[in-house]
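S.K.:
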Amino acid sequence: MFFVYILHSKKIDKYYVGSSKDPQKRLIYHNKGKSGSKHAFTKKALDWKIVYKKNFSSKKNAMTYEKYIKKQKSRSFIIKLINNQ
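Numbering (the UniProt record's numbering) for the sequence shown: 1 to 85.
1. Exposed or buried, F77, counting other C-beta atoms within 10 Å across all chains shown (16 or more means buried)?
2. Jot down the residue ranges of each uninterrupted beta strand (DSSP E) in the UniProt domain "GIY-YIG" (1 to 80), minimum 3 residues, whole runs only, in chain order.
3. So S9 and E66 are supposed to be a Cβ contact under 8 Å. How far apart are they, rounded?
4. Report, in whole angstroms, the separation of the C-beta atoms of Y16 and F41, which I expect to be a contact under 8 Å.
5. Might you give, ordered along the chain, the residues of its own chain that have their beta carbon closer than 7 Å to the beta carbon of K80, omitting 5 neighbours on each side?
6. On the three-state DSSP scale, how would you describe N84?
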């Protein structure tokens, strides 16, 4: 099973959209500043919390949905997703 997740940081009041087999494990990496690239967006804050999570049967479907959310480029769209879960 794969997941699309949305993180929120109160410190910088920003959202981050990602996908993973294990969102809890990824959250730990984000909050330790070990999210991959040395210029990673999530390194700006280390207080991320999972505020949305949706499961998918395949990695392809999860990545497609992740890209769909990111293409919206809309904070209000993300907030609606969170509020309607």
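A virtual CB, placed ideally from N, CA and C, is assigned to each residue, including glycine.
M.R.: Based on what the coordinates show:
1. exposed
2. 2 to 9, 14 to 20 and 49 to 56
3. Not a contact, Cβ separation roughly 18 Å.
4. 6 Å
5. none
6. coil
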